[in-house]
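Participant:
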Amino acid sequence: QMLRRLLPSGAEPLWRDPSGGVQLAEVHTASSWIGHKISTLQEETGVRVAFLTRLGEAMLPTSQTVLQEGDLVHVMMRTDDIEKVEAAFAEGPDGGGI
33 QMLRRLLPSG
43 AEPLWRDPSG
53 GVQLAEVHTA
63 SSWIGHKIST
73 LQEETGVRVA
83 FLTRLGEAML
93 PTSQTVLQEG
103 DLVHVMMRTD
113 DIEKVEAAFA
123 EGPDGGGI
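Offset between the sequence shown (1-based) and this note's numbering: plus 32.
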């Protein structure tokens, strides 16, 4: 986890469904997302936040959960959308989404 925080290099696939169409990935999130609700992140990026890792502990966020500094965001997304998702997470809120 520490290395991924120091050297974010895009989405890190953690799981793929057998067809390869959907994947679970840890996506680097721009600091401009800090303080925004998970619901905003999901609406603007088109992904489903599966869970967060906060202070080393996994948690299931609600739509009202607010992103904090150091949160690792794990999302479910269509495999074909990975580049668009990475761009939307890097641009921050109101960056256009996908």
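The beta carbon of each residue, even a glycine, is placed where N, CA and C say it ideally should be.
The model shown is predicted, which means the values in this text are computed figures rather than measured ones.
(1) Please state whether DSSP places Gln96 in a helix, a strand or coil.
(2) Mapping the DSSP letters down to three states, classify Thr139 as helix, strand or coil.
(3) Within 10 Å of its beta-carbon, does Thr77 have 16 or more other beta-carbons around it, so buried, or fewer, so exposed?
(4) Using only CA atoms, which one of Ser64, Arg80, Lys69, Ala62 lies nearest to Leu56?
(5) Whether or not the stretch 104–114 and the stretch 53–71 are in contact is what I'm after, with contact meaning three or more pairs of Cβ atoms, one per stretch, closer than 8 Å; do they touch?
(6) Where Gly88 and Ser51 are concerned, what is the direct C-alpha to C-alpha distance, given to the nearest angstrom?
(7) Locate the alpha helix (DSSP H) running through Glu75, then write down its first and last residues.
(8) Please name the residue in Arg86, Thr111, Met109 whose C-alpha comes closest to that of Leu99.
Facilitator: With the structure as the only source:
(1) Coil, per DSSP.
(2) The chain is shown from 33 up to 130; residue 139 falls before or after that span and cannot be answered.
(3) With 16 or more other Cβ atoms within 10 Å, it is buried.
(4) Closest option to Leu56, Cα to Cα, is Arg80.
(5) A contact exists between the stretch 53–71 and the stretch 104–114.
(6) Answer to the nearest angstrom: the Cα atoms are 31 Å apart.
(7) Taken as a continuous stretch (DSSP letters only), the alpha helix (DSSP H) holding Glu75 covers 70–77.
(8) Checking every option, the nearest Cα to that of Leu99 belongs to Arg86.
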